[in-house]
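Worksheet for the structure shown next.
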Amino acid sequence: MPSNQLLIRESSELTKICILGGGFGGLYTALYLQHYRGIDSPQYQITLVDQNDRLLFTPLIYEIITDELQAWEVAPPFEKLLKHTKVKFCQARVEGVDLKARQVQLHNGEQLNYDYLVLSLGNATSFGNVEGAQEYTFTFRSLADVFALKKRLHSLKSSEKERIRVAVIGGGPSGVELAGKIADVLGKRGEIRLIERGGQLLKAFTAATRHNAHRALDKRGVQVSFNTSVCQIEPEQITLEQSGETFTTPVDLVVWSAGTKAQELVTNLECDHNQWGQVISESSLQLAGYREVFALGDMAEIKNPSGKLVPTVAQAAYQQASCAAKNLWAALQGKPLRPFRYLHLGEMITLGFNDAAVYSFGIALRGSFAALVRRFVYLQRLPTMSHRLEVLWHWCKSFGRTLLGKKPSHNQQKEAIKY
Numbered sequence: 042m043p044s045n046q047l048l049i050r051e052s053s054e055l056t057k058i059c060i061l062g063g064g065f066g067g068l069y070t071a072l073y074l075q076h077y078r079g080i081d082s083p084q085y086q087i088t089l090v091d092q093n094d095r096l097l098f099t100p101l102i103y104e105i106i107t108d109e110l111q112a113w114e115v116a117p118p119f120e121k122l123l124k125h126t127k128v129k130f131c132q133a134r135v136e137g138v139d140l141k142a143r144q145v146q147l148h149n150g151e152q153l154n155y156d157y158l159v160l161s162l163g164n165a166t167s168f169g170n171v172e173g174a175q176e177y178t179f180t181f182r183s184l185a186d187v188f189a190l191k192k193r194l195h196s197l198k199s200s201e202k203e204r205i206r207v208a209v210i211g212g213g214p215s216g217v218e219l220a221g222k223i224a225d226v227l228g229k230r231g232e233i234r235l236i237e238r239g240g241q242l243l244k245a246f247t248a249a250t251r252h253n254a255h256r257a258l259d260k261r262g263v264q265v266s267f268n269t270s271v272c273q274i275e276p277e278q279i280t281l282e283q284s285g286e287t288f289t290t291p292v293d294l295v296v297w298s299a300g301t302k303a304q305e306l307v308t309n310l311e312c313d314h315n316q317w318g319q320v321i322s323e324s325s326l327q328l329a330g331y332r333e334v335f336a337l338g339d340m341a342e343i344k345n346p347s348g349k350l351v352p353t354v355a356q357a358a359y360q361q362a363s364c365a366a367k368n369l370w371a372a373l374q375g376k377p378l379r380p381f382r383y384l385h386l387g388e389m390i391t392l393g394f395n396d397a398a399v400y401s402f403g404i405a406l407r408g409s410f411a412a413l414v415r416r417f418v419y420l421q422r423l424p425t426m427s428h429r430l431e432v433l434w435h436w437c438k439s440f441g442r443t444l445l446g447k448k449p450s451h452n453q454q455k456e457a458i459k460y
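Residue numbering for the sequence shown follows the working numbering, beginning at 42 and increasing consecutively.
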């Protein structure tokens, strides 16, 4: 039997499909499966498992910081998104996966048996063994993180501090986006320092986007420190190393955006891993050695048919979800599976309130128009039509704030803090 095909199950048997992870890879695979005629048959049971109760549309969570968007717009509940589908949602933390026994262990002691499994568990924050990093920094990976940071910024703005000193660690897209947003929130009182261990920001991005990012950060007075390593973080100070010299500087807030690593759950899977702990997926997105398992997103090493590694970015996970659903359905029908081919559509990054950079197919945009384009591109990527229409209607009602760059009132900001 070809390695990319599975045995057809007897039609009388219940086929259990388990999807672990409710991010772009997992949720969108579940939704794409609904497009196939016959998936609503009683023969199929589909379960989506995630420890959170809602999707986090990560590209747009930065707008919560500046009150450009509200939480419900970028974090809709799974129950709502899956209401008119065959997918059952299970809110639970996955403790382990027995690939040989085809069982998923949950934190409450329950087990889920599966016939087909989709793994899209994402990754974890890496603090790089920096002393104090985990204890004294704010991360930005969950909705709780977003509101913890927002609450801290509100507290600092309400204080009597003449200068509010913020260090953002990491010059990748998340660090750059956070630096711009935080600078706009704090205004003239903010003293923002973006710390990058390497020699440039956004090293995986085009020169045009890097140029526009520098321009936006300079406009906001953000100081960028290149070739600078973090040695230690304490409650009110941070120790840095640059050009062989170590120095300590006072801070009121440190935001960590300096790297990720494979989750322990993923590294414990009994399958092949690369040097970074990612599992190895075949071109069909099947887990190497397990034809009934598909692995996608940040947790998996995936290559194009050309052999080039697929980047671990949101648009790649979104495309992989479509391919995984197609191949899973093909497997259910006993048909050949197709290789995944990543198409790079461009790059978009927010750079502050009503400001962004967009680059796609040789066209570079910046400023408020780029912010508008970026917002509407992501609108099209929201998971369901009903949610898109609900968000669009809200945007239309608040046209002045979201499209013309009018900042929210003080009362709106207070209500957002209470969320």
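Don't be surprised by glycine CBs; every beta carbon is placed ideally from N, CA and C.
Quick caveat, the model's predicted, so the values are computed rather than measured.
1. Cβ-heavy atom distance between residue 321 and the ligand FMN below 7 Å?
2. State yes or no: is the C-beta of residue 324 within less than 8 Å of the C-beta of residue 346?
3. Under a Cβ-count criterion, where at least 16 other Cβ atoms within 10 Å of its own Cβ denotes burial, should residue 95 be classed as buried or exposed?
4. Mind checking residue 221: buried by the 16 CB within 10 Å criterion, or exposed?
5. Could you tell me how far apart the beta carbons of residue 119 and residue 91 are, in whole angstroms, since I believe they sit closer than 8 Å?
6. Which of helix, strand or coil does DSSP assign to residue 339?
7. For residue 82, which residues does DSSP report across the bridge?
8. Can you find the residues in the same chain that come closer than 7 Å, C-beta to C-beta, to residue 393, ignoring five residues on each side of it along the sequence?
9. Hey, residue 424 and residue 122: beta-carbon distance below 8 Å or not?
10. Give the secondary structure of residue 283 by DSSP, where H, G and I count as helix, E and B as strand, and everything else as coil.
11. Are there three or more Cβ pairs, one per stretch, closer than 8 Å when the stretch 56–73 is compared with the stretch 329–343?
12. Pick helix, strand or coil for residue 182, following the three-state DSSP scheme.
13. Among residues of its own chain, excluding the 5 on either side of residue 391, which ones have a beta-carbon nearer than 6 Å to its beta-carbon?
14. May I ask which residues mark the beginning and end of the alpha helix (DSSP H) holding residue 253?
15. Could you name each continuous beta strand (DSSP E) segment of 3 residues or more that falls completely within the stretch 97–162, going from the start of the chain to the end?
16. Please list the segments of the beta strand (DSSP E) lying wholly inside the stretch 302–337, counting only runs of 3 or more residues, in order along the chain.
17. Residue 107: which of 227, 172, 141, 212 sits nearest, CA to CA?
18. Rounded to whole angstroms, what's the CA-CA distance from residue 243 to residue 100? Just pull it up for me.
19. Can you name, in chain order, every residue of its own chain whose Cβ lies under 6 Å from the Cβ of residue 370, other than the five neighbours on each side?
20. Check each candidate in 241, 182, 196 and name the one with the smallest Cα separation from residue 215.
21. Can you tell me the Cα-Cα spacing of residue 176 and residue 287, whole angstroms?
22. For the alpha helix (DSSP H) containing residue 359, list its first residue and its last residue.
23. For the stretch 308–328 against the stretch 128–147, are there 3 or more C-beta pairs whose distance is under 8 Å?
24. Leaving aside the five residues before and after residue 203 along the sequence, list all residues of the same chain whose C-beta is less than 8 Å from its C-beta, in chain order.
25. Could you check what DSSP says for residue 293 in three-state terms: helix, strand or coil?
26. Excluding the 5 residues preceding and the 5 following residue 58 in the sequence, name in chain order all residues of the same chain whose CB lies nearer than 6 Å to its CB.
27. When you compare only the Cα positions, how much space is there between residue 413 and residue 255?
28. Thinking C-beta only, is residue 197 closer than 8 Å to residue 205?
29. May I ask you to list the residues that DSSP assigns as paired with residue 94?
30. Mind checking residue 378: buried by the 16 CB within 10 Å criterion, or exposed?
31. Using the rule of at least 16 other Cβ atoms within 10 Å of the residue's Cβ for burial, across every protein chain shown, is residue 315 buried or exposed?
32. Which residues in the same chain as residue 273 place their Cβ atom closer than 8 Å to its Cβ, once the five residues preceding and following it in sequence are excluded?
33. In whole angstroms, what is the alpha-carbon distance linking residue 400 and residue 247?
34. With the cut-off set at 8 Å, would you say residue 306 and residue 135 are in Cβ contact?
35. Taking the straight line between their C-alpha atoms, what separation do you get for residue 148 and residue 61?
36. Beta-carbon separation of residue 295 and residue 372 under 8 Å?
In this structure, then:
1. Although the ligand FMN was asked about, the structure shown includes no ligands whatsoever.
2. By the CB criterion at 8 Å, residue 324 and residue 346 fall inside the cutoff.
3. buried
4. Classification of residue 221: buried, given that the 10 Å Cβ count is 16 or more.
5. 7 Å
6. helix
7. DSSP lists no partner for residue 82.
8. 221, 222, 224, 225, 257, 261
9. yes
10. Residue 283 falls in the strand class under three-state DSSP.
11. yes
12. Of the three classes helix, strand and coil, the one that applies to residue 182 here is coil, per DSSP.
13. Closer than 6 Å at Cβ, skipping near neighbours: 103, 218, 397.
14. 248–260
15. Listed in chain order, they are 128–132, 135–139, 144–147, 152–154, 157–160.
16. 331–336
17. Closest option to residue 107, Cα to Cα, is 227.
18. One C-alpha to the other measures close to 15 Å.
19. 77
20. Considering only alpha carbons, the answer is 182.
21. 21 Å
22. 355–373
23. yes
24. Once the five neighbours on either side are set aside, the close Cβ partners of residue 203 are 230.
25. coil
26. 87, 157
27. Rounded to whole angstroms, residue 413 to residue 255 spans 20 Å at the Cα level.
28. yes
29. Residue 94 pairs with nothing; no bridge assigned.
30. buried
31. exposed
32. 171, 172, 173, 279, 280
33. 8 Å
34. yes
35. 13 Å
36. In this structure, residue 372 does not lie closer than 8 Å to residue 295 by Cβ.
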